[in-house]
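Engineer: Would you mind keeping the following structure in view while I ask a few things?
Protein chains in written order, with the working numbering: chain A, 1 to 235; chain B, 236 to 470.
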């Protein structure tokens, strides 16, 4: 296999631990308000609205809006469903929505990216916006060379545009780019669009009872246990 | 003045020395071919086609195409005009066009950006594409947090879109963003669109006989002699 000229990364789950990050900010916010709702349950409910919200855009029934807005709308829905809506002003909801900017990297993420950056272009190919990816990178010390993904493509993964327009923005053909993800579905879509694929299991992304994406479900070009291992596979 | 939340930078001339960078690659290429054309004169001719090529897009008579393509078209024109066209194959022209990816930073650029990155978001707001900015950043060690500018805006500076859509992509209002440039015209446009402004003279960008942009021609919010000085003006 030729060395990829760029590695593009799923971020939520693959590079950062969104569940504990969101739950931490929710826990602090709920404590300040004297609310007793379980913060991990709240994070799971919030994330549960993620795919349906994007699907309306992928299907064409809604034009592209950045994930920050979808997160905000989803937060409003979850606050209604949990009976907490009356406890939050609009500005408090906007502040809570910034939980998604405060996501810690997995222990190997930052050092793995610093190492790989010496050898190739590295960039997020996430459904998060440029603004959101920029702030997560600051928070988790992720030394991206640039940011591609949903906002560049004006569409959400796994729509083909998200992969093809990202490769194009890098000035590369799809086959020169490797998609790195903890989610088999993301890699299936990347491969269908001609990208190389690397799987890294993140077995506690959804907590200790996680049942999906524990193992690769296809013959991905690379399977690694840590982002630090990727550079070892270069010739 | 409130501290800017992000600093966005003109790149060609402000952060990198395009003229000596392009001339160096041209000199090497011409030497290999036994051509005696002056490489700095060639760089100046090539850059001379820059504004007319973008103006066709700013005026709406041509849709957005990335600067890499304009550079290639301009190269073909200059090779014709100088009688050198027959000396270059298409792939050799593509290779020479990559001169724009190999531009050295001014001595203060990389250390200045590393310092400022600790305090705020830093990003290029250049007419160069994401692909081009990514490669220049690798070459000159420019630690951008993300890349905004012409490709995000799908239009070229000084069109208002280039500034307003860049601020929007950062999740900020124009007044929260400071534009840093060695060109007064760039800052006039940035100010008209509500951005803060910082001028840094680069008195040899066009060689030792430079006559323009030697001094600020308006009361810019900041005037500095080195990118290392910007962080000193934060409260």
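Cβ coordinates follow ideal geometry from the N, Cα and C atoms, glycine included.
At the level of alpha carbons, what is the spacing between residue 48 of chain A and residue 21 of chain A?
Structural biologist: On the first chain, residue 48 of chain A is found 48 positions in, with the first residue counted as 1. On the first chain, residue 21 of chain A is found 21 positions in, with the first residue counted as 1. Approximately 16 angstroms, taken between the alpha carbons.
Engineer: If you run the structure through DSSP and keep just helix, strand and coil, what is residue 433 of chain B?
Structural biologist: Indexing the second chain from 1 puts residue 433 of chain B at position 198. Residue state, collapsed to three classes: strand.
Engineer: In the stretch 399-414 of chain B, which residues sit with their C-beta less than 7 angstroms from some C-beta in chain A, listed in chain order?
Structural biologist: Flagged, chain order: 404, 405 and 406.
Engineer: Report the CB separation of residue 343 of chain B from residue 271 of chain B in whole angstroms; it is logged as a contact under 8 angstroms.
Structural biologist: Taking the first residue of the second chain as position 1, residue 343 of chain B is located at position 108. Taking the first residue of the second chain as position 1, residue 271 of chain B is located at position 36. No, residue 343 of chain B and residue 271 of chain B are not in contact; Cβ-Cβ is about 35 angstroms, not under 8 angstroms.
Engineer: Could you tell me if residue 421 of chain B is buried or exposed, where buried requires 16 or more neighbouring beta carbons within 10 angstroms of its beta carbon?
Structural biologist: Counted from its first residue, the second chain places residue 421 of chain B at position 186. With 16 or more Cβ atoms within 10 Å of its Cβ, residue 421 of chain B is classed as buried.
Engineer: Measure the C-alpha to C-alpha separation of residue 347 of chain B and residue 295 of chain B and round it to an integer number of angstroms.
Structural biologist: Locating residue 347 of chain B in the second chain gives position 112, counting from the first residue. Locating residue 295 of chain B in the second chain gives position 60, counting from the first residue. When rounded, the distance between both Cα atoms is 37 angstroms.
Engineer: Give, in chain order, every residue of the stretch 296-311 of chain B whose Cβ lies closer than 8 angstroms to some Cβ of chain A.
Structural biologist: The stretch 296-311 of chain B vs chain A, Cβ under 8 angstroms: 303.
Engineer: Strictly under 9 angstroms for the Cβ-Cβ distance: is residue 383 of chain B near chain A by that measure?
Structural biologist: Reading the second chain from its first residue, position 148 is the one you call residue 383 of chain B. Output row for residue 383 of chain B: interface = yes.
Engineer: Taking the C-alpha atoms as reference points, what is the distance between residue 5 of chain A and residue 79 of chain A?
Structural biologist: For the purposes of this step, residue 5 of chain A is taken as the residue at position 5 of the first chain. For the purposes of this step, residue 79 of chain A is taken as the residue at position 79 of the first chain. Rounded to whole angstroms, residue 5 of chain A to residue 79 of chain A spans 44 angstroms at the Cα level.
Engineer: Provide the residue span of the alpha helix (DSSP H) that contains residue 122 of chain A, from first to last.
Structural biologist: Indexing the first chain from 1 puts residue 122 of chain A at position 122. Where residue 122 of chain A is concerned, there is no enclosing alpha helix (DSSP H), although the beta strand (DSSP E) it sits in stretches over 121-126.
Engineer: Tell me the rounded alpha-carbon separation between residue 392 of chain B and residue 402 of chain B.
Structural biologist: Counted from its first residue, the second chain places residue 392 of chain B at position 157. Counted from its first residue, the second chain places residue 402 of chain B at position 167. Going by the C-alpha atoms only, they are around 13 angstroms apart.
Engineer: Cβ of residue 416 of chain B within 9 angstroms of Cβ of residue 432 of chain B?
Structural biologist: Taking the first residue of the second chain as 1, we reach residue 416 of chain B at position 181. Taking the first residue of the second chain as 1, we reach residue 432 of chain B at position 197. Cβ atoms of residue 416 of chain B and residue 432 of chain B: closer than 9 angstroms.
Engineer: Along the chain, where does the alpha helix (DSSP H) that runs through residue 25 of chain A open and close?
Structural biologist: Along the first chain, one-based indexing puts residue 25 of chain A at 25. 18-33 is the extent of the alpha helix (DSSP H) around residue 25 of chain A.
Engineer: Using a Cβ-Cβ cut-off of 9 angstroms, state whether residue 291 of chain B counts as contacting chain A.
Structural biologist: The residue given as residue 291 of chain B occupies position 56 in the second chain. No, its Cβ sits nowhere closer than 9 angstroms to a Cβ of chain A.
Engineer: Going by beta carbon distance, what residues of the same chain come within less than 7 angstroms of residue 121 of chain A, once the five residues before and after it are set aside?
Structural biologist: Taking the first chain and counting its residues from 1, the one referred to as residue 121 of chain A is at position 121. Counting only Cβ-Cβ distances below 7 angstroms, and skipping sequence neighbours, we find 5, 6, 145 and 170.
Engineer: When the Cα atoms are used, what is the spatial distance from residue 382 of chain B to residue 366 of chain B?
Structural biologist: The residue given as residue 382 of chain B occupies position 147 in the second chain. The residue given as residue 366 of chain B occupies position 131 in the second chain. Each residue's Cα considered, the two are about 10 angstroms apart.
Engineer: Work out the CA separation of residue 389 of chain B and residue 289 of chain B for me, nearest whole Å.
Structural biologist: Start at 1 with the first residue of the second chain, and residue 289 of chain B comes out as number 54. Start at 1 with the first residue of the second chain, and residue 389 of chain B comes out as number 154. Rounded to the nearest angstrom, the two C-alpha atoms are 11 angstroms apart.
Engineer: For residue 399 of chain B, which residues of its own chain have a beta-carbon under 6 angstroms away from its beta-carbon, when the five flanking residues on both sides are left out?
Structural biologist: What you label residue 399 of chain B is simply residue 164 of the second chain in a count that begins at 1. 428, listed in sequence order.
Engineer: Check each residue of the stretch 355-384 of chain B: if its Cβ is closer than 9 angstroms to any Cβ of chain A, include it; give the result in chain order.
Structural biologist: Those would be 356, 358, 364, 365, 366, 367, 368, 369, 370, 372, 373, 378, 379, 380, 381, 382 and 383, in chain order.
Engineer: Using a beta-carbon distance below 9 angstroms, is residue 387 of chain B in contact with chain A?
Structural biologist: Reading the second chain from its first residue, position 152 is the one you call residue 387 of chain B. Chain A contact via Cβ: present.
Engineer: Measure the alpha-carbon distance for residue 119 of chain A versus residue 230 of chain A and round it to whole angstroms.
Structural biologist: Counted from its first residue, the first chain places residue 119 of chain A at position 119. Counted from its first residue, the first chain places residue 230 of chain A at position 230. The alpha-carbon atoms of residue 119 of chain A and residue 230 of chain A are separated by roughly 11 angstroms.
Engineer: Can you give me the C-alpha to C-alpha distance between residue 214 of chain A and residue 115 of chain A, rounded to a whole angstrom?
Structural biologist: As a first step, residue 214 of chain A is located in the first chain; it is residue number 214 there, counting from the start. As a first step, residue 115 of chain A is located in the first chain; it is residue number 115 there, counting from the start. Distance between the alpha carbons of residue 214 of chain A and residue 115 of chain A is about 25 angstroms.
Engineer: Any Cβ of chain E within less than 9 angstroms of the Cβ of residue 302 of chain B?
Structural biologist: In the displayed structure, chain E is absent; the protein chains listed are A and B.
Engineer: Between which two residues does the beta strand (DSSP E) harbouring residue 163 of chain A extend?
Structural biologist: Here residue 163 of chain A refers to the residue found at position 163 of the first chain. Taken as a continuous stretch (DSSP letters only), residue 163 of chain A belongs to no beta strand (DSSP E), being part of the alpha helix (DSSP H) at 160-169.
Engineer: Have a look at residue 258 of chain B and residue 336 of chain B and give me their C-alpha separation to the nearest angstrom.
Structural biologist: The residue labelled residue 258 of chain B in the question sits at position 23 within the second chain. The residue labelled residue 336 of chain B in the question sits at position 101 within the second chain. Each residue's alpha carbon lies about 12 angstroms from the other.
Engineer: What's the gap between the Cα of residue 384 of chain B and the Cα of residue 244 of chain B?
Structural biologist: Position 149 of the second chain holds residue 384 of chain B. Position 9 of the second chain holds residue 244 of chain B. C-alpha separation (whole angstroms): 9 angstroms.
Engineer: Comparing C-alpha positions only, which one of A:126, A:233 and A:175 sits nearest to residue 13 of chain A?
Structural biologist: Counted from its first residue, the first chain places residue 13 of chain A at position 13. Here the closest residue by C-alpha is A:126.
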